[in-house]
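Data block below; observations after.
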Amino acid sequence: EKLVSNNFTNKEESYKTKFEVPAYERRKVKFDDVPHSSERNISRFNLNDDNQILGNNRFLHDNVD
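Taking the numbering used here, the leading residue of the sequence shown gets 214, the next gets one more, and so forth.
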């Protein structure tokens, strides 16, 4: 009876761990810092078919519609 009670307690703790602690924390996954969305790094250059740089990107402009 004691073994069954102990087994039930372990299952209950396991259940709580699985559903209350995110998987990435349980598996100790490390994430790289991601830049904030306001920090945009967009190239203003294009490449042609011969992989030559074509100056400013005509699809990007500073004027907002």
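In this text, a Cβ means the ideal position worked out from N, Cα and C, and glycines have one as well. Note that the coordinates shown come from a computational prediction; the quantities given were computed from them, not determined experimentally.
Return the chain-ordered list of same chain residues with a C-beta closer than 8 angstroms to the C-beta of residue i, the five sequence neighbours on each side being excluded.
i      : result
Asn249 : What sits at residue 249 in the sequence shown is His, not Asn. Closer than 8 angstroms at the Cβ level, and outside the excluded window around His249, lies no residue.
Leu260 : Ile266 and Leu267
Using DSSP's beta-bridge definition, name the partner residues of residue i.
i      : result
Asn269 : Phe258
Enumerate in chain order the residues of its own chain whose CB-to-CB distance from residue i is below 6 angstroms, with the five nearest sequence positions on each side excluded.
i      : result
Glu252 : none
Phe258 : Ile266
Is the separation between the beta-carbon of residue i and that of residue j shorter than 8 angstroms?
i      : j      : result
Arg239 : Thr230 : yes
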